[in-house]
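*Asks:* Below is a structure I'd like to ask you about.
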Amino acid sequence: MPAKNMDEIVALCKRRGFIFQSSEIYGGLQGTYDFGPLGVELKNNLKNAWWEAMVYENDNIEGLDSSILTNPLVLKYSGHEETFSDPMVDCKSCNLRFREDQVPDHCKKEDLTEPRQFNLMFKTSVGPLEDGSNYAYLRPETAQQIFTNFKNVLDSTSKPIPFGIAQIGKAFRNEITPRNFIFRVREFEQMELEYFVMPGEDEDAHESWVQKRLDWWSNQGVPIKSIELYDVPTDELAHYSKKTVDLMYKFPHGLEELEGIANRTDFDLGSHSKKQDELKISSNVKKNKHSNSKMAVKNDSGDWIVPYVIEPSAGVERGFLAILNEAYTNEELEGGKNRIVLRLKPHLSPVKAAVIPLKKNNKDIVNTAKEIKDDLQKIGLGRIILENTGNIGKSYRKHDEIGTPLCITVDFDTLNDNSVTLRDRDSMNQTRLQVKELAMYIKDLIKK
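Numbering (the working numbering), first residue to last: 4 to 451.
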(Lines of atoms letter the chains of each structure in order from A and count residues from 1; the text may use other names and numbers.)
(Lines give C-alpha, C1' and ligand atoms only; values in the text may rest on other atoms or scores of the structure.)
Protein backbone atom coordinates (compact mmCIF):
# COMPACT_ATOMS: atom_id res chain seq x y z
CA MET A 1 0.00 0.00 0.00
CA PRO A 2 1.20 3.58 -0.66
CA ALA A 3 2.40 5.77 2.19
CA LYS A 4 -0.21 6.82 4.74
CA ASN A 5 0.78 10.47 4.65
CA MET A 6 3.41 12.91 3.42
CA ASP A 7 5.28 12.78 6.72
CA GLU A 8 6.29 9.17 6.06
CA ILE A 9 7.72 10.10 2.65
CA VAL A 10 9.52 13.20 3.97
CA ALA A 11 11.05 11.24 6.86
CA LEU A 12 12.32 8.50 4.54
CA CYS A 13 13.77 11.04 2.11
CA LYS A 14 15.73 12.82 4.85
CA ARG A 15 16.81 9.67 6.70
CA ARG A 16 18.10 7.81 3.65
CA GLY A 17 19.47 10.68 1.59
CA PHE A 18 16.84 11.11 -1.12
CA ILE A 19 15.91 14.78 -0.59
CA PHE A 20 17.10 17.58 1.70
CA GLN A 21 15.77 21.07 2.32
CA SER A 22 17.94 23.47 0.32
CA SER A 23 20.19 25.75 2.42
CA GLU A 24 18.98 23.91 5.50
CA ILE A 25 21.86 25.07 7.73
CA TYR A 26 20.68 28.66 7.17
CA GLY A 27 17.02 27.94 7.79
CA GLY A 28 16.25 26.78 4.26
CA LEU A 29 14.83 28.58 1.24
CA GLN A 30 11.12 28.04 0.77
CA GLY A 31 10.14 26.13 -2.34
CA THR A 32 13.63 24.74 -3.06
CA TYR A 33 15.03 21.27 -2.37
CA ASP A 34 18.30 19.41 -2.96
CA PHE A 35 18.40 15.81 -4.15
CA GLY A 36 20.80 13.71 -2.10
CA PRO A 37 22.98 10.70 -3.03
CA LEU A 38 20.03 8.36 -3.57
CA GLY A 39 17.61 11.01 -4.78
CA VAL A 40 19.82 12.11 -7.65
CA GLU A 41 20.15 8.48 -8.78
CA LEU A 42 16.39 7.89 -8.75
CA LYS A 43 15.76 11.23 -10.43
CA ASN A 44 18.29 10.53 -13.18
CA ASN A 45 16.88 7.04 -13.70
CA LEU A 46 13.39 8.51 -14.10
CA LYS A 47 14.60 11.07 -16.62
CA ASN A 48 16.55 8.42 -18.52
CA ALA A 49 13.45 6.22 -18.69
CA TRP A 50 11.45 9.14 -20.13
CA TRP A 51 14.20 10.03 -22.62
CA GLU A 52 14.50 6.46 -23.84
CA ALA A 53 10.73 6.14 -24.28
CA MET A 54 10.47 9.44 -26.13
CA VAL A 55 13.64 9.82 -28.18
CA TYR A 56 15.25 6.39 -28.53
CA GLU A 57 12.04 4.45 -29.14
CA ASN A 58 10.61 6.91 -31.69
CA ASP A 59 12.42 7.54 -34.95
CA ASN A 60 10.51 10.78 -35.48
CA ILE A 61 11.38 12.46 -32.17
CA GLU A 62 14.58 14.45 -31.57
CA GLY A 63 16.06 15.89 -28.38
CA LEU A 64 16.94 19.43 -27.34
CA ASP A 65 18.69 21.13 -24.43
CA SER A 66 18.01 24.85 -24.54
CA SER A 67 19.01 27.84 -22.44
CA ILE A 68 17.30 28.79 -19.20
CA LEU A 69 17.65 32.53 -19.73
CA THR A 70 14.92 33.66 -22.11
CA ASN A 71 14.63 36.72 -24.36
CA PRO A 72 11.58 38.63 -23.05
CA LEU A 73 10.17 38.86 -26.58
CA VAL A 74 9.74 35.08 -26.59
CA LEU A 75 7.52 35.30 -23.52
CA LYS A 76 5.74 38.38 -24.80
CA TYR A 77 4.54 36.71 -27.97
CA SER A 78 3.86 33.40 -26.25
CA GLY A 79 1.37 35.23 -24.03
CA HIS A 80 3.22 34.61 -20.78
CA GLU A 81 3.82 38.26 -19.93
CA GLU A 82 0.09 38.90 -19.99
CA THR A 83 -1.35 35.64 -18.69
CA PHE A 84 1.24 33.82 -16.57
CA SER A 85 -0.06 34.97 -13.20
CA ASP A 86 -2.06 33.82 -10.20
CA PRO A 87 -4.56 35.76 -8.06
CA MET A 88 -2.97 36.68 -4.71
CA VAL A 89 -4.59 37.79 -1.46
CA ASP A 90 -3.25 39.02 1.88
CA CYS A 91 -4.66 37.99 5.25
CA LYS A 92 -4.88 41.02 7.54
CA SER A 93 -5.05 38.75 10.57
CA CYS A 94 -1.96 36.53 10.14
CA ASN A 95 -0.12 38.91 7.73
CA LEU A 96 0.61 36.13 5.24
CA ARG A 97 0.02 35.97 1.50
CA PHE A 98 -1.73 33.16 -0.32
CA ARG A 99 -2.91 32.16 -3.74
CA GLU A 100 -6.62 32.89 -3.76
CA ASP A 101 -7.60 29.23 -4.07
CA GLN A 102 -5.16 28.10 -1.35
CA VAL A 103 -6.22 30.21 1.62
CA PRO A 104 -6.11 28.06 4.81
CA ASP A 105 -9.23 27.54 6.90
CA HIS A 106 -7.94 29.60 9.80
CA CYS A 107 -8.07 32.78 7.69
CA LYS A 108 -11.51 34.40 7.74
CA LYS A 109 -12.99 35.69 4.49
CA GLU A 110 -13.53 39.15 5.91
CA ASP A 111 -9.80 39.41 6.74
CA LEU A 112 -8.71 38.89 3.12
CA THR A 113 -7.77 41.68 0.72
CA GLU A 114 -9.20 41.86 -2.77
CA PRO A 115 -7.33 39.46 -5.09
CA ARG A 116 -4.70 40.93 -7.40
CA GLN A 117 -2.68 39.28 -10.13
CA PHE A 118 0.88 38.21 -9.32
CA ASN A 119 3.28 37.45 -12.19
CA LEU A 120 4.95 34.08 -11.62
CA MET A 121 8.03 34.63 -13.80
CA PHE A 122 11.47 35.34 -12.35
CA LYS A 123 13.12 38.39 -13.92
CA THR A 124 16.88 38.99 -13.92
CA SER A 125 19.36 41.53 -15.27
CA VAL A 126 21.64 40.56 -18.14
CA GLY A 127 25.07 42.16 -18.25
CA PRO A 128 26.67 44.75 -15.95
CA LEU A 129 23.94 47.40 -16.07
CA GLU A 130 20.75 47.21 -14.04
CA ASP A 131 18.81 50.06 -15.62
CA GLY A 132 15.66 48.08 -16.40
CA SER A 133 16.34 47.75 -20.13
CA ASN A 134 18.71 44.77 -20.09
CA TYR A 135 16.65 41.98 -18.64
CA ALA A 136 15.63 38.41 -19.30
CA TYR A 137 13.37 35.86 -17.68
CA LEU A 138 14.20 32.51 -16.19
CA ARG A 139 12.07 30.25 -18.33
CA PRO A 140 8.72 29.35 -16.73
CA GLU A 141 8.49 26.24 -18.94
CA THR A 142 10.77 24.38 -21.34
CA ALA A 143 8.27 24.51 -24.19
CA GLN A 144 8.96 27.95 -25.67
CA GLN A 145 12.58 27.23 -26.58
CA ILE A 146 11.32 24.14 -28.38
CA PHE A 147 8.99 26.30 -30.44
CA THR A 148 11.62 28.94 -31.19
CA ASN A 149 13.99 26.14 -32.32
CA PHE A 150 11.35 24.44 -34.48
CA LYS A 151 12.87 25.63 -37.75
CA ASN A 152 16.43 24.87 -36.61
CA VAL A 153 15.56 21.28 -35.76
CA LEU A 154 13.45 20.86 -38.89
CA ASP A 155 16.19 22.19 -41.18
CA SER A 156 18.99 20.20 -39.53
CA THR A 157 17.18 16.85 -39.35
CA SER A 158 14.83 17.00 -42.38
CA LYS A 159 12.08 15.32 -40.39
CA PRO A 160 8.67 15.10 -42.06
CA ILE A 161 5.51 15.92 -40.16
CA PRO A 162 4.51 14.36 -37.78
CA PHE A 163 7.63 14.69 -35.67
CA GLY A 164 8.48 15.74 -32.13
CA ILE A 165 11.06 17.59 -30.07
CA ALA A 166 11.71 16.39 -26.52
CA GLN A 167 13.41 18.25 -23.71
CA ILE A 168 14.14 17.75 -20.02
CA GLY A 169 15.23 20.78 -18.05
CA LYS A 170 14.82 23.30 -15.28
CA ALA A 171 11.95 25.75 -15.12
CA PHE A 172 11.20 28.46 -12.57
CA ARG A 173 7.94 29.81 -11.20
CA ASN A 174 7.70 32.32 -8.37
CA GLU A 175 4.95 30.43 -6.59
CA ILE A 176 3.05 32.49 -4.03
CA THR A 177 2.72 29.55 -1.64
CA PRO A 178 5.03 26.59 -2.35
CA ARG A 179 3.58 23.57 -0.59
CA ASN A 180 3.35 19.82 -0.14
CA PHE A 181 7.05 18.99 -0.12
CA ILE A 182 8.38 18.76 -3.69
CA PHE A 183 4.95 18.84 -5.32
CA ARG A 184 4.77 22.63 -5.78
CA VAL A 185 8.14 24.37 -5.77
CA ARG A 186 9.80 27.42 -7.29
CA GLU A 187 12.60 25.56 -9.08
CA PHE A 188 11.78 22.27 -10.78
CA GLU A 189 12.40 20.11 -13.81
CA GLN A 190 10.04 19.35 -16.65
CA MET A 191 9.91 16.48 -19.12
CA GLU A 192 8.16 17.94 -22.15
CA LEU A 193 7.44 16.74 -25.66
CA GLU A 194 6.11 18.96 -28.43
CA TYR A 195 4.69 16.67 -31.09
CA PHE A 196 3.90 18.47 -34.35
CA VAL A 197 1.06 17.27 -36.59
CA MET A 198 -0.96 18.62 -39.49
CA PRO A 199 -4.22 20.40 -38.63
CA GLY A 200 -7.03 17.86 -38.68
CA GLU A 201 -4.78 15.12 -37.33
CA ASP A 202 -4.44 16.75 -33.92
CA GLU A 203 -7.42 15.19 -32.15
CA ASP A 204 -6.41 11.60 -32.93
CA ALA A 205 -2.82 12.38 -31.98
CA HIS A 206 -3.94 13.89 -28.69
CA GLU A 207 -6.00 10.83 -27.80
CA SER A 208 -3.10 8.55 -28.73
CA TRP A 209 -0.63 10.42 -26.51
CA VAL A 210 -2.96 10.26 -23.51
CA GLN A 211 -2.92 6.46 -23.73
CA LYS A 212 0.83 6.33 -24.32
CA ARG A 213 1.47 8.39 -21.24
CA LEU A 214 -0.80 6.21 -19.10
CA ASP A 215 1.09 3.12 -20.27
CA TRP A 216 4.45 4.76 -19.56
CA TRP A 217 3.53 5.71 -16.00
CA SER A 218 2.33 2.16 -15.44
CA ASN A 219 5.77 0.92 -16.51
CA GLN A 220 7.33 3.22 -13.91
CA GLY A 221 5.27 1.74 -11.10
CA VAL A 222 2.27 4.12 -11.10
CA PRO A 223 -0.56 1.83 -12.26
CA ILE A 224 -3.33 3.09 -14.52
CA LYS A 225 -5.88 2.27 -11.81
CA SER A 226 -4.19 4.89 -9.61
CA ILE A 227 -4.69 7.62 -12.22
CA GLU A 228 -7.88 9.53 -13.01
CA LEU A 229 -8.34 11.38 -16.30
CA TYR A 230 -9.55 14.96 -15.98
CA ASP A 231 -10.85 16.58 -19.15
CA VAL A 232 -10.18 20.24 -18.38
CA PRO A 233 -13.37 22.31 -18.90
CA THR A 234 -13.31 25.01 -21.55
CA ASP A 235 -13.42 27.84 -19.02
CA GLU A 236 -10.34 26.43 -17.24
CA LEU A 237 -8.16 25.84 -20.31
CA ALA A 238 -4.90 27.72 -20.75
CA HIS A 239 -4.94 30.50 -23.33
CA TYR A 240 -3.17 28.30 -25.89
CA SER A 241 -5.17 25.10 -25.42
CA LYS A 242 -7.93 23.61 -27.54
CA LYS A 243 -8.17 20.56 -25.26
CA THR A 244 -6.21 19.35 -22.24
CA VAL A 245 -6.43 16.06 -20.37
CA ASP A 246 -4.72 15.94 -16.98
CA LEU A 247 -3.51 12.69 -15.45
CA MET A 248 -4.60 13.04 -11.83
CA TYR A 249 -2.87 11.00 -9.14
CA LYS A 250 -3.78 10.65 -5.47
CA PHE A 251 -0.68 12.05 -3.79
CA PRO A 252 -0.39 11.83 0.00
CA HIS A 253 -1.89 15.33 0.21
CA GLY A 254 -4.74 14.65 -2.22
CA LEU A 255 -5.73 14.21 -5.86
CA GLU A 256 -3.54 16.46 -8.04
CA GLU A 257 -2.10 16.71 -11.53
CA LEU A 258 0.75 14.35 -12.37
CA GLU A 259 0.97 15.23 -16.07
CA GLY A 260 -0.96 17.27 -18.58
CA ILE A 261 -1.45 16.42 -22.25
CA ALA A 262 -2.51 19.53 -24.16
CA ASN A 263 -3.56 20.25 -27.72
CA ARG A 264 -1.89 23.64 -28.18
CA THR A 265 -3.11 23.99 -31.81
CA ASP A 266 -0.93 26.34 -33.90
CA PHE A 267 -0.88 29.03 -31.24
CA ASP A 268 2.79 28.86 -30.32
CA LEU A 269 4.38 28.42 -33.75
CA GLY A 270 1.97 31.02 -35.11
CA SER A 271 2.90 33.46 -32.36
CA HIS A 272 6.59 33.18 -33.23
CA SER A 273 6.16 33.38 -37.04
CA LYS A 274 6.65 36.25 -39.46
CA LYS A 275 4.42 37.06 -42.49
CA GLN A 276 1.45 35.56 -40.74
CA ASP A 277 -0.96 36.75 -43.42
CA GLU A 278 0.61 34.15 -45.74
CA LEU A 279 0.05 31.33 -43.28
CA LYS A 280 -3.08 29.54 -42.12
CA ILE A 281 -2.92 30.64 -38.48
CA SER A 282 -5.68 30.69 -35.86
CA SER A 283 -7.33 34.06 -35.32
CA ASN A 284 -6.33 34.08 -31.62
CA VAL A 285 -2.61 34.28 -32.45
CA LYS A 286 -0.97 37.59 -31.62
CA LYS A 287 0.77 39.26 -34.59
CA ASN A 288 4.54 39.09 -34.25
CA LYS A 289 6.54 42.01 -35.61
CA HIS A 290 9.93 40.84 -34.38
CA SER A 291 10.47 37.21 -35.38
CA ASN A 292 12.43 36.55 -38.59
CA SER A 293 11.31 32.95 -38.98
CA LYS A 294 8.51 31.21 -40.78
CA MET A 295 7.46 28.43 -38.43
CA ALA A 296 5.61 26.48 -41.09
CA VAL A 297 5.82 23.54 -43.48
CA LYS A 298 4.42 22.98 -46.94
CA ASN A 299 1.54 20.57 -47.36
CA ASP A 300 0.99 18.25 -50.34
CA SER A 301 -0.59 21.13 -52.27
CA GLY A 302 2.40 23.38 -51.76
CA ASP A 303 0.65 25.68 -49.28
CA TRP A 304 2.40 26.91 -46.15
CA ILE A 305 0.78 25.41 -43.07
CA VAL A 306 1.58 26.03 -39.41
CA PRO A 307 1.51 22.62 -37.68
CA TYR A 308 -0.58 21.91 -34.61
CA VAL A 309 1.22 20.59 -31.55
CA ILE A 310 0.37 18.00 -28.90
CA GLU A 311 2.22 18.51 -25.63
CA PRO A 312 2.64 15.83 -22.95
CA SER A 313 4.23 17.73 -20.05
CA ALA A 314 5.26 16.15 -16.74
CA GLY A 315 7.13 17.45 -13.72
CA VAL A 316 10.11 15.35 -12.68
CA GLU A 317 9.56 16.09 -8.99
CA ARG A 318 5.88 15.16 -9.16
CA GLY A 319 6.75 11.92 -10.92
CA PHE A 320 9.45 11.24 -8.33
CA LEU A 321 6.92 11.79 -5.52
CA ALA A 322 4.25 9.58 -7.12
CA ILE A 323 6.73 6.76 -7.70
CA LEU A 324 8.00 6.94 -4.12
CA ASN A 325 4.44 6.96 -2.82
CA GLU A 326 3.44 3.88 -4.82
CA ALA A 327 6.62 2.01 -3.90
CA TYR A 328 6.50 2.75 -0.16
CA THR A 329 5.41 -0.33 1.79
CA ASN A 330 5.26 -0.87 5.54
CA GLU A 331 5.19 -4.65 5.65
CA GLU A 332 4.34 -6.75 8.69
CA LEU A 333 6.57 -9.79 9.18
CA GLU A 334 6.23 -12.92 11.28
CA GLY A 335 6.68 -12.38 14.98
CA GLY A 336 5.08 -8.94 14.95
CA LYS A 337 8.07 -7.23 13.32
CA ASN A 338 7.82 -4.99 10.30
CA ARG A 339 10.03 -3.61 7.57
CA ILE A 340 9.88 -0.57 5.31
CA VAL A 341 10.33 -1.57 1.66
CA LEU A 342 10.54 0.60 -1.43
CA ARG A 343 9.19 -1.67 -4.15
CA LEU A 344 10.67 0.42 -6.94
CA LYS A 345 10.85 -0.88 -10.47
CA PRO A 346 14.44 -2.19 -10.74
CA HIS A 347 15.31 0.12 -13.63
CA LEU A 348 14.49 3.09 -11.38
CA SER A 349 16.19 1.84 -8.20
CA PRO A 350 19.02 4.16 -7.10
CA VAL A 351 21.21 1.14 -6.33
CA LYS A 352 20.86 -1.89 -8.57
CA ALA A 353 22.73 -4.31 -6.31
CA ALA A 354 24.61 -4.29 -3.02
CA VAL A 355 27.59 -6.61 -2.61
CA ILE A 356 27.89 -7.60 1.07
CA PRO A 357 30.88 -9.39 2.62
CA LEU A 358 29.72 -11.86 5.27
CA LYS A 359 32.68 -10.99 7.52
CA LYS A 360 33.75 -7.37 7.74
CA ASN A 361 37.33 -8.11 8.77
CA ASN A 362 38.08 -11.17 6.64
CA LYS A 363 40.44 -9.86 3.95
CA ASP A 364 39.81 -12.69 1.49
CA ILE A 365 36.04 -12.25 1.64
CA VAL A 366 36.20 -8.44 1.53
CA ASN A 367 38.67 -8.39 -1.38
CA THR A 368 36.55 -10.89 -3.33
CA ALA A 369 33.46 -8.76 -2.70
CA LYS A 370 35.32 -5.65 -3.95
CA GLU A 371 36.36 -7.47 -7.12
CA ILE A 372 32.78 -8.58 -7.79
CA LYS A 373 31.47 -5.07 -7.16
CA ASP A 374 34.11 -3.45 -9.43
CA ASP A 375 33.51 -5.94 -12.26
CA LEU A 376 29.74 -5.37 -12.16
CA GLN A 377 30.15 -1.59 -12.00
CA LYS A 378 32.35 -1.51 -15.10
CA ILE A 379 29.75 -3.01 -17.43
CA GLY A 380 27.21 -0.22 -17.06
CA LEU A 381 24.43 -1.84 -15.08
CA GLY A 382 23.83 1.23 -12.94
CA ARG A 383 25.12 1.90 -9.46
CA ILE A 384 26.54 -1.14 -7.62
CA ILE A 385 27.81 -0.59 -4.07
CA LEU A 386 29.90 -2.45 -1.51
CA GLU A 387 28.07 -2.67 1.84
CA ASN A 388 30.75 -3.71 4.33
CA THR A 389 28.99 -3.22 7.68
CA GLY A 390 29.54 -6.67 9.13
CA ASN A 391 25.83 -6.96 9.95
CA ILE A 392 23.93 -8.86 7.23
CA GLY A 393 20.47 -8.34 8.74
CA LYS A 394 21.00 -4.59 9.13
CA SER A 395 22.33 -4.34 5.58
CA TYR A 396 19.29 -6.15 4.21
CA ARG A 397 16.91 -3.79 6.03
CA LYS A 398 18.75 -0.73 4.78
CA HIS A 399 18.59 -1.86 1.18
CA ASP A 400 14.94 -2.84 1.49
CA GLU A 401 14.26 0.72 2.60
CA ILE A 402 16.15 2.39 -0.25
CA GLY A 403 14.70 0.07 -2.88
CA THR A 404 17.75 -2.01 -3.85
CA PRO A 405 16.27 -5.00 -5.71
CA LEU A 406 19.17 -7.39 -5.09
CA CYS A 407 21.68 -8.09 -2.32
CA ILE A 408 24.70 -10.28 -3.13
CA THR A 409 26.38 -11.91 -0.13
CA VAL A 410 29.99 -13.07 -0.41
CA ASP A 411 30.81 -15.79 2.14
CA PHE A 412 33.28 -18.58 2.81
CA ASP A 413 31.66 -20.80 0.16
CA THR A 414 32.38 -18.09 -2.40
CA LEU A 415 36.09 -18.59 -1.84
CA ASN A 416 35.72 -22.31 -2.58
CA ASP A 417 33.19 -22.57 -5.42
CA ASN A 418 32.88 -18.98 -6.73
CA SER A 419 29.16 -18.82 -5.91
CA VAL A 420 27.28 -16.12 -3.98
CA THR A 421 23.94 -15.81 -2.19
CA LEU A 422 21.32 -13.64 -3.88
CA ARG A 423 18.53 -12.12 -1.78
CA ASP A 424 15.47 -10.73 -3.54
CA ARG A 425 14.12 -7.49 -2.04
CA ASP A 426 10.43 -8.17 -2.50
CA SER A 427 10.16 -11.85 -1.64
CA MET A 428 13.26 -12.04 0.64
CA ASN A 429 13.98 -15.40 -1.01
CA GLN A 430 17.62 -16.46 -1.19
CA THR A 431 19.35 -18.53 -3.87
CA ARG A 432 22.92 -19.39 -4.88
CA LEU A 433 24.41 -18.30 -8.18
CA GLN A 434 27.79 -18.48 -9.87
CA VAL A 435 29.64 -15.16 -9.99
CA LYS A 436 30.05 -15.44 -13.76
CA GLU A 437 26.25 -15.44 -14.12
CA LEU A 438 25.67 -12.26 -12.07
CA ALA A 439 25.92 -9.72 -14.90
CA MET A 440 23.27 -11.39 -17.04
CA TYR A 441 21.05 -11.92 -14.00
CA ILE A 442 21.14 -8.20 -13.12
CA LYS A 443 20.65 -7.17 -16.74
CA ASP A 444 17.48 -9.25 -16.91
CA LEU A 445 16.34 -7.91 -13.55
CA ILE A 446 16.56 -4.22 -14.46
CA LYS A 447 14.55 -4.79 -17.62
CA LYS A 448 11.49 -5.55 -15.47
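Heads up, the beta-carbon is just placed ideally off N, CA and C, and yes, glycines get one too.
Let me know if residue 209 comes out buried or exposed under the rule of 16 or more other beta-carbons within 10 Å of its beta-carbon.
*Replies:* buried
*Asks:* Within the same chain, show all residues whose beta-carbon is closer than 8 Å to that of residue 334, passing over the 5 residues directly before and after it, in chain order.
*Replies:* 341, 342, 343 and 344
*Asks:* Output the distance between the C-alpha atoms of residue 428 and residue 406, rounded to the nearest integer angstrom.
*Replies:* Approximately 8 Å, taken between the alpha carbons.
*Asks:* State the Cα-Cα distance for the pair residue 196 and residue 41, rounded to the nearest angstrom.
*Replies:* Take the alpha-carbon of residue 196 and the one of residue 41: they are about 27 Å apart.
*Asks:* Using a 10 Å radius around the Cβ and a threshold of 16 neighbouring Cβ atoms, would you call residue 271 buried or exposed?
*Replies:* Buried is the call here.
*Asks:* DSSP beta-bridge partners for residue 140?
*Replies:* Answer by DSSP bridge pairing, in chain order: 73 and 126.
*Asks:* Which two residues bound the contiguous alpha helix (DSSP H) that contains residue 216?
*Replies:* 205 to 222
*Asks:* Using CA atoms only, rank isn't needed, just tell me which of 22, 155 and 35 is closest to residue 188.
*Replies:* 35
*Asks:* Return the bridge partner residues of residue 170 from the DSSP annotation.
*Replies:* 67 and 195
*Asks:* Residue 231 lies in the beta strand (DSSP E); which residues open and close that run?
*Replies:* 230 to 234
*Asks:* Quick check on the DSSP output: what are the complete alpha helix (DSSP H) runs of length 4 or more inside the segment 380 to 431, in order along the chain?
*Replies:* Here the runs fully enclosed are 395 to 405 and 415 to 420.
*Asks:* For residue 10, which three-state DSSP category applies?
*Replies:* Under the three-state reduction of DSSP, residue 10 is assigned to helix.
*Asks:* Assign residue 355 to one of two classes, buried (16 or more other C-beta atoms within 10 Å of its C-beta) or exposed (fewer than that).
*Replies:* buried
*Asks:* From this set, 415, 348 and 324, which residue's C-alpha is nearest residue 364's C-alpha?
*Replies:* 415
*Asks:* Quick check on DSSP: helix, strand or coil for residue 249?
*Replies:* strand
*Asks:* If you follow the beta strand (DSSP E) that residue 59 is part of, which residue opens it and which one closes it?
*Replies:* Run containing residue 59: none; DSSP gives neither H nor E here.
*Asks:* Any chance the CB of residue 88 is under 7 Å from a heavy atom of the ligand ZN?
*Replies:* Looking for the ligand ZN in the displayed structure turns up nothing, as the structure carries no ligands at all.
*Asks:* Could you say which of 87, 82 and 111 lies nearest to residue 95 if we only look at CA atoms?
*Replies:* 111
*Asks:* Just tell me which of 172, 159 and 116 has its CA closest to the CA of residue 143.
*Replies:* For residue 143, the nearest C-alpha among the options comes from 172.
*Asks:* By the three-class DSSP mapping on this structure, what secondary structure does residue 470 have?
*Replies:* Summary: the structure shown does not reach residue 470, with the chain confined to residues 4 through 451, and so no result is reported for it.
*Asks:* Any idea what DSSP makes of residue 18, helix, strand or coil?
*Replies:* helix
*Asks:* Short check: CB of residue 298 to CB of residue 166, under 8 Å?
*Replies:* no
*Asks:* From the DSSP output, in three-state form, read off residue 243 for me.
*Replies:* coil
*Asks:* On the three-state DSSP scale, how would you describe residue 160?
*Replies:* helix
*Asks:* Residues in the same chain with beta-carbon distance under 6 Å from residue 122, minus the five sequence neighbours each way, listed in chain order, please.
*Replies:* 88
*Asks:* Given residue 300, which residues of its chain have a CB within under 7 Å of its CB, disregarding the five upstream and five downstream residues?
*Replies:* 164, 308 and 310
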